[in-house]
Every structure is written in structure tokens, then in C-alpha cells.
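Colleague: FYI, my numbering numbers position 40 of the sequence shown as 33, with every residue one higher than the one before it.
Glycine is no exception: its CB is placed at the ideal position from the N, C-alpha and C atoms.
What follows is a structure written as C-alpha cells; I'll ask about it next.
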Amino acid sequence: MSTLTDRFKHISSQISEAIAKARRAADSVTLVAVSKTHPPAALREALEAGVTTFGENRVQEARAKIPLISDRARWHFIGHLQRNKVRQALPLFDLLHGVDSLEIARDIQRVAGELGLSAHVLLEVNVAQESTKFGFRPKQLYSQLEELMRLDRLHIDGLMAIPPPAREPEDSRGYFRTLRELRDHLRKESGLSLPHLSMGMSNDFCVAIEEGATLVRVGSALFGARTGNAWSPSESDGLDE
Ligand SMILES: *Cc1c(COP(=O)(O)O)cnc(C)c1O
């Protein structure tokens, strides 16, 4: 049976290969270990193996876990941020991947101002224009970017996408390319440098890296399949170690 350390090494070498294949700089991709639902013990093991950055998608769950993990760990919020969770989220996370509407961006601006903080964010793009998905439509981004840029508590570091589930990694390539091209256009239009593209998950992160991903969000390939719902401290794991 493979251990988490084995899986981390394997993923790291796949990342390195994809970087080499794309002739990109060796340090141009960060693995965001998607630790949602997993108990603190698994996160500690990941940190020992070499993970530096965790991705969580629920503010409550992250808030319970973060104090139990070494403060060497970096935390990214990768989910849909609810308006009533902004105040709790801002002090916890170094990067918010899923800023998916002008409304939530305005909330972040207001709350960050009240807390005396600023927020690094990625704008989530609905690349497949799915009616059920969160995220800016590409057209909306063009029309709303100017207003987003006026929100001076937000550092817009780039774009993020969650394409439709793919059977084959290659099925995602077109969406990844779309996101990169959109970034390139917006960069020209706005003068923002937009250095980050958060795209690619367990099944397709290599293709995402070939298309320019700088942040890959990998959960099950590292931690194993998710069985439970959110981890909560009432499950004794992690507290009694
Ligand atoms: C859960 C999740 C992931 C990780 O998915 P895996 O397929 O387990 O790698 C990545 N991104 C987001 C936004 C997620 O919610």
C-alpha cells in the first residue's frame, strides 16, 4: 500500500516532468494540497512529506484545523466563499482562489477595510459557461474588471477555473487554454500582471501545467479518496495526539 509520502513524491515528479515538457521554470508551479475533509493527522503527515500549502473549501473546517497544524503551513481558500464568512476567512488565508462575483469582491473590500487587511485573490472564471456553476463569464470579466481593480483592498493575482468533470485529462486542455488566453488578454487590457493560474486537479494537473498552471489543486491523488464530509474537532482525531 502506498503511503502519503510515496504519493507526494510521485506527484512531485509528475509536476517536474510536466514543467520540463512545457519548458517552464522549475519553481513555477506550486502544489496546493487539497486537504478538505481530512483530519489534522493527515495534514501533519503531508507537511512532513514536503507539502507547503493546503487548500480548504469550508471556512468552519479550516478555522478548526489551522490552529492544530504547524504555522509553517500556508492556507488557500479554494471554495465558493459565502458572504457571511468573509470576516472569518480573511485572517486565515493567504489566497482566496474562488472570488466569483462582483458582490463578493465588494464584500471582501469592505470587510478587509474594517479589519485593516488586504486580500490576495484569484477571479474564478466559468470557462465552460455552465449555468449551474459559480464564476465570472469571460464577458463579465471584461466589463467588470475596471470596477474590480478599483477595490484597493484586493490584490488580483490571477484567475482560477474548475472545468466540467473530464473522463480523460486531455478533455480539460481546451478549458485550461481558454483560461490562459483570457488571462493574457486581460493582462494586456488592464496592465495587471496576473501571475497566477489556478487550474488542474488530481486527474488533469499535468495537462494544466502544460497549459500554464502555476497552482494545481490536488486532493485525492495525495490524500486518497474523500469519504466523509467536513472534518470537525468533535472527531477526536488530531486533538488527542
Ligand atoms: C476538492 C477540490 C479539488 C481537489 O479535487 P481532487 O480531484 O480530489 O484532486 C480541487 N479544486 C477544488 C476547487 C476542489 O473543491
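I need the boundaries of the beta strand (DSSP E) containing H189, first residue and last residue.
Modeller: H189 to S191
Colleague: Run through DSSP, which three-state label would E204 get?
Modeller: coil
Colleague: For M153, list the residues DSSP reports as bridge partners.
Modeller: E117 and S191
Colleague: Quick one: is K14 near chain B, going by C-beta distance under 8 angstroms?
Modeller: Among the chains of the structure shown, chain B does not appear; only one protein chain is present.
Colleague: What is the rounded straight-line gap between the Cα of H3 and the Cα of S9?
Modeller: 10 angstroms
Colleague: Could you compute how far the alpha carbon of L115 sits from the alpha carbon of A26?
Modeller: 17 angstroms
Colleague: Would you call the CB atoms of E38 and L(-3) closer than 8 angstroms?
Modeller: yes
Colleague: Helix, strand or coil: how does DSSP classify R37 here?
Modeller: helix
Colleague: With the cut-off set at 8 angstroms, would you say G106 and R146 are in Cβ contact?
Modeller: yes
Colleague: Identify whether G91 lies in helix, strand or coil by the three-state DSSP scheme.
Modeller: strand
Colleague: How is the beta strand (DSSP E) around A26 delimited, first residue to last?
Modeller: Judged by DSSP secondary structure, A26 falls within the beta strand (DSSP E) whose first and last residues are T23 to V27.
Colleague: Start and end of the beta strand (DSSP E) containing R143?
Modeller: No beta strand (DSSP E) holds R143; the alpha helix (DSSP H) holding it covers P131 to R143.
Colleague: So is D87 buried or exposed if we call it buried at 16+ other beta carbons inside 10 Å?
Modeller: exposed
Colleague: Does the stretch 136 to 144 come within contact of the stretch 71 to 83, defined as at least 3 CB pairs closer than 8 angstroms?
Modeller: no
Colleague: Helix, strand or coil: which one does DSSP assign to E234?
Modeller: Caution applies to E234, whose pLDDT of 42 falls short of 50 and renders its modelled position unreliable; the value that the coordinates give is listed next. Three-state DSSP puts E234 in coil, outside helix and strand.
Colleague: By DSSP, does V237 sit in helix, in strand, or in coil?
Modeller: In the structure displayed, the chain extends from -6 to 234; residue 237 sits before or after that span and is not available.
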